[in-house]
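Colleague: First residue of the sequence shown? That's 427 in my numbering, and the numbers climb one at a time after it.
Just so it is clear, CB atoms sit at the ideal spot from N, CA and C, and this is done for glycine as well.
Provided herewith is a single structure, encoded as structure tokens, for subsequent inquiry.
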Amino acid sequence: MLQSLFIQNYALIDTLDIRFHSGFSVITGETGAGKSIILGAIGLLLGQRADTKAIKKGASRCIIEAHFQIGNYNMEDFFERNDLTYEPECILRREIMASGKSRAFINDTPSSLSQMKELGEMLIDIHSQHQNLLLNSEGFQLNVVDIIAQDTTLLSHYKQCFAKYKNSSKALAEAIETAKRNKADEDYIRFQLEQFTEAGLKEGEQEELEQEVELLNHAEEIKSGLYQIDAIMAGDEGGILSGLKEVQNRLHDLKSIYPSTEELAERLDSCYIELKDIEHEISNQSEEVEFNPQRLEYVNERLNQLYSLQQKHHVNTVSELMTIEQSYQDRLNAITSSEDQIAELTAQKDKDLEKVLEIARELTAVRTEAARKIEQQMKSYLIPLGIPNVQFVVELTPRKEPDNNGADCVNFLFSANKNGTLQNVASVASGGEIARVMLSIKALIAGAVKLPTIIFDEIDTGVSGQIAERMAHIMQEMGNRKRQVISITHLPQIAALGSYHYKVYKQDDEQGTTSHIRQLTPEERVEEIAHMLSGATLTDAAINNAKALLQHP
Numbered sequence: 427m428l429q430s431l432f433i434q435n436y437a438l439i440d441t442l443d444i445r446f447h448s449g450f451s452v453i454t455g456e457t458g459a460g461k462s463i464i465l466g467a468i469g470l471l472l473g474q475r476a477d478t479k480a481i482k483k484g485a486s487r488c489i490i491e492a493h494f495q496i497g498n499y500n501m502e503d504f505f506e507r508n509d510l511t512y513e514p515e516c517i518l519r520r521e522i523m524a525s526g527k528s529r530a531f532i533n534d535t536p537s538s539l540s541q542m543k544e545l546g547e548m549l550i551d552i553h554s555q556h557q558n559l560l561l562n563s564e565g566f567q568l569n570v571v572d573i574i575a576q577d578t579t580l581l582s583h584y585k586q587c588f589a590k591y592k593n594s595s596k597a598l599a600e601a602i603e604t605a606k607r608n609k610a611d612e613d614y615i616r617f618q619l620e621q622f623t624e625a626g627l628k629e630g631e632q633e634e635l636e637q638e639v640e641l642l643n644h645a646e647e648i649k650s651g652l653y654q655i656d657a658i659m660a661g662d663e664g665g666i667l668s669g670l671k672e673v674q675n676r677l678h679d680l681k682s683i684y685p686s687t688e689e690l691a692e693r694l695d696s697c698y699i700e701l702k703d704i705e706h707e708i709s710n711q712s713e714e715v716e717f718n719p720q721r722l723e724y725v726n727e728r729l730n731q732l733y734s735l736q737q738k739h740h741v742n743t744v745s746e747l748m749t750i751e752q753s754y755q756d757r758l759n760a761i762t763s764s765e766d767q768i769a770e771l772t773a774q775k776d777k778d779l780e781k782v783l784e785i786a787r788e789l790t791a792v793r794t795e796a797a798r799k800i801e802q803q804m805k806s807y808l809i810p811l812g813i814p815n816v817q818f819v820v821e822l823t824p825r826k827e828p829d830n831n832g833a834d835c836v837n838f839l840f841s842a843n844k845n846g847t848l849q850n851v852a853s854v855a856s857g858g859e860i861a862r863v864m865l866s867i868k869a870l871i872a873g874a875v876k877l878p879t880i881i882f883d884e885i886d887t888g889v890s891g892q893i894a895e896r897m898a899h900i901m902q903e904m905g906n907r908k909r910q911v912i913s914i915t916h917l918p919q920i921a922a923l924g925s926y927h928y929k930v931y932k933q934d935d936e937q938g939t940t941s942h943i944r945q946l947t948p949e950e951r952v953e954e955i956a957h958m959l960s961g962a963t964l965t966d967a968a969i970n971n972a973k974a975l976l977q978h979p
């Protein structure tokens with residue numbers, strides 16, 4: 427429930443701070459006094475886009491803040507999902523800067539406009555005249571049926587199954603398209619794979635071949651160098667090993683008379699063994715290295731084959747070539763297995779569709795029951811509202827294909843005459859009839875959902891007199907269901923039935939024109955309603971008539 431509204435520097439409003447009450451309240455005022463401005467400010471709290479032109483001239487920013495009592499409406503889940511602090515008293519605040527920046531807060535925590543919009547839709551329903559156009563919207567009509575059917579859980583389950591069906595349909599379509607594309611490329615893919623198979627790629631082969639070709643190109647130089655090193659180390663005259671052996675023997679001879687040389691002798695023994703092993707390895711390698719023109723030719727041809735493949739496929743390594751080879755193999759495997767895959771996906775799609783249709787039938791059943799209930803209740807509202815021969819039918823017809831909302835098309839059919847032809851309600855109802863139909867629908871919805879606040883913006887357009895009074899009684903009854911109903915009206919019959927009466931007015935001073943709103947006292951209500959009856963000139967008859975309206979039960 428909306429408890430209070432604070433507006434600062436918005437349009438014609440300097441500062442406005444007003445408290446509201448539960449039950450049925452009315453707001454009156456001359457055309458252009460600022461009622462639409464107040465609604466526009468509330469709209470900003472419901473996540474509507476901001477326009478810096480709405481900031482009062484000369485101000486750097488505007489602020490709109492509202493306090494709501496939400497303790498009885500089970501909204502804890504929204505706050506938990508959005509990581510916001512839940513309090514029984516909820517505060518929404520919106521700040522619009524002259525620079526174009528905008529900030530939104532929920533319980534003093536910065537929030538996104540989408541969060542504010544989602545919460546706002548749970549707090550307030552503003553019905554303005556343009557919403558009458560919704561009567562021509564199948565989505566709106568279907569939503570009304572679902573609200574009365576109270577099929578939220580079933581509809582949510584259906585949407586999940588439908589999403590699964592759409593995913594399986596998409597997967598099947600993609601598989602069929604891929605199979606067609608791959609089938610057209612099959613010869614090309616097989617040709618590429620033949621080249622890769624012929625190449626017989628091996629991980630690390632290129633690096634080994636590049637090292638080998640380097641060795642073969644320098645074989646004679648390497649062999650000569652190794653031979654010379656071997657001669658230096660093992661030569662009979664002046665060789666390193668023979669000289670080292672001589673040193674080794676002398677150290678061993680001295681250790682008996684000079685013990686300090688024993689450790690040196692042992693160390694030299696180790697060195698001799700290591701050098702002897704090195705010389706043996708060098709000798710073996712010098713024998714192994716030989717110039718082989720045939721092998722060099724083969725290695726160069728093999729490298730050229732690898733380089734050619736890499737250039738063709740725009741890569742630099744054998745590893746990358748092997749990845750491409752595997753991708754071609756995967757595509758070929760997909761071609762050969764596509765029929766099995768398509769058959770499997772088709773079966774899954776059919777299974778998902780069967781489940782969708784099963785739940786859709788359940789939805790249709792509960793919607794059909796709700797449709798009959800809507801027809802009866804709409805007549806019970808519309809007959810007292812001056813349409814005694816009303817015909818109102820909720821037509822449910824099957825869709826060619828199920829969609830995200832089920833398998834039903836909904837159409838509200840209407841005739842104000844007993845034997846009149848039923849047609850789409852928005853096409854045949856007059857302005858006053860549409861207002862009565864929409865009020866009746868809102869009353870229906872209000873009985874089925876826990877919406878704290880409903881604001882009617884001149885829903886009484888096109889009606890007057892006794893019909894207006896009956897519309898007021900409906901709004902009054904809605905306000906008696908632990909709900910807050912606020913009606914912006916120009917009709918005294920509606921204004922008189924409000925438990926609380928607010929007046930919007932303008933004042934002119936040296937700084938300009940400003941809009942204000944205040945709650946009227948009982949005496950002020952008499953005068954305001956009398957003006958609504960007689961115009962600017964206040965007559966005794968109008969005052970007496972106003973008092974009579976206010977005393978009406």
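Starting from the C-beta of Q767, find all residues in its chain whose C-beta is less than 7 Å away, skip the five residues before and the five after it, and write them out in chain order.
Modeller: Once the five neighbours on either side are set aside, the close Cβ partners of Q767 are A601.
Colleague: Enumerated in chain order, which unbroken segments of the alpha helix (DSSP H) with a length of 4 residues or greater are wholly contained in the stretch 794-854?
Modeller: You should have 851-854.
Colleague: If I measure Cβ to Cβ from L642 and keep anything under 8 Å in the same chain, skipping five residues before and after, which residues do I get?
Modeller: Once the five neighbours on either side are set aside, the close Cβ partners of L642 are F717, N718, R721, L722 and V725.
Colleague: Considering R944, what are the terminal residues of the beta strand (DSSP E) in which it resides?
Modeller: Unbroken beta strand (DSSP E) run through R944: G938 to Q945.
Colleague: Name the DSSP beta bridge partners of D756, please?
Modeller: None; D756 has no bridge partner.
Colleague: Short check: CB of K973 to CB of E954, under 8 Å?
Modeller: No, the Cβ-Cβ distance between K973 and E954 is not below 8 Å.
Colleague: Identify every run of the beta strand (DSSP E) within the stretch 448-526, keeping only runs that are complete inside it and at least 3 residues long; order them along the chain.
Modeller: Whole beta strand (DSSP E) segments, 3+ residues: 449-454, 487-495 and 515-523.
Colleague: How close, in whole Å, do the beta carbons of A492 and L471 come, if the pair is a contact with beta carbons under 8 Å?
Modeller: Going by Cβ atoms, the distance from A492 to L471 rounds to 5 Å, so yes, they are a contact pair.
Colleague: Report the option in E884, I969, F494 and P948 whose CA atom is closest to the CA atom of I453.
Modeller: Cα-wise, what sits closest to I453 is E884.
Colleague: Reducing DSSP to helix, strand and coil, say where D534 ends up.
Modeller: Reduced to three states, the DSSP call for D534 is coil.
Colleague: Spatial neighbours of S650 within its chain, please: CB distance less than 8 Å, with the 5 preceding and 5 following residues excluded, ordered by chain position.
Modeller: So no residue of the chain qualifies.
Colleague: Pairing CB atoms from the stretch 949-965 with CB atoms from the stretch 481-499, are three or more of them under 8 Å?
Modeller: These segments do not touch.
Colleague: Would the stretch 526-537 count as touching the stretch 907-914 if we require 3 or more Cβ pairs under 8 Å?
Modeller: Too few Cβ pairs lie closer than 8 Å, so no.
Colleague: If you check the beta carbons only, do E502 and Y512 fall under 8 Å apart?
Modeller: Taking 8 Å as the Cβ cut-off, E502 and Y512 qualify as a contacting pair.
Colleague: Taking Q731 as the reference, give the member of I615, A625 and A898 with the closest Cα.
Modeller: Closest option to Q731, Cα to Cα, is A625.
Colleague: Terminal residues of the continuous beta strand (DSSP E) containing S430?
Modeller: Taken as a continuous stretch (DSSP letters only), the beta strand (DSSP E) holding S430 covers L428 to Y436.
Colleague: Short check: CB of V889 to CB of G924, under 8 Å?
Modeller: Their beta carbons are not under 8 Å apart, which means V889 does not touch G924 by this criterion.
Colleague: Decide if the stretch 802-814 is in contact with the stretch 607-619; the criterion is three or more beta carbon pairs, one per stretch, under 8 Å apart.
Modeller: Verdict: no, contact absent.
Colleague: Starting from D443, trace the alpha helix (DSSP H) in both directions and tell me its first and last residue.
Modeller: Looking at the DSSP string, D443 is not in any alpha helix (DSSP H); the run it does join, the beta strand (DSSP E), is I439 to R445.
Colleague: How many Å lie between V816 and S451 at the Cα?
Modeller: Looking at the two C-alpha atoms, the distance is approximately 29 Å.
Colleague: Considering Cα atoms alone, identify which of C835, R951 and E700 is closest to G565.
Modeller: When each option's Cα is compared against that of G565, the closest is C835.
Colleague: Considering only residues of the same chain and omitting the five flanking positions on each side of A422, which have a CB-CB separation below 6 Å?
Modeller: Lying outside 427 to 979, the shown extent of the chain, residue 422 is not represented and no answer is given.
Colleague: Please work out which residues of its chain come closer than 6 Å, Cβ to Cβ, to A956, disregarding the five sequence neighbours upstream and downstream, and give them in chain order.
Modeller: Within the same chain, A956 has close Cβ partners L964, A968, I969 and A972.
Colleague: Who pairs with R529 in a beta bridge, going by DSSP?
Modeller: Paired residues: E521.
Colleague: Go to T604, then tell me how far its alpha helix (DSSP H) extends in each direction, as first and last residue.
Modeller: From DSSP, the alpha helix (DSSP H) with T604 extends over T578 to A610.
Colleague: By Cβ distance, which residues of its chain are closer than 8 Å to T847, with the 5 residues on each side in sequence left out?
Modeller: Closer than 8 Å at Cβ, skipping near neighbours: S841.
Colleague: With a cut-off of 8 Å on the beta carbons, I'd call I881 and I552 a contact; round off their distance for me.
Modeller: Correct: roughly 5 Å between the Cβ atoms.
Colleague: For P918 and L946, I'd like the C-alpha separation in whole angstroms.
Modeller: Taking the straight line from one Cα to the other gives about 14 Å.
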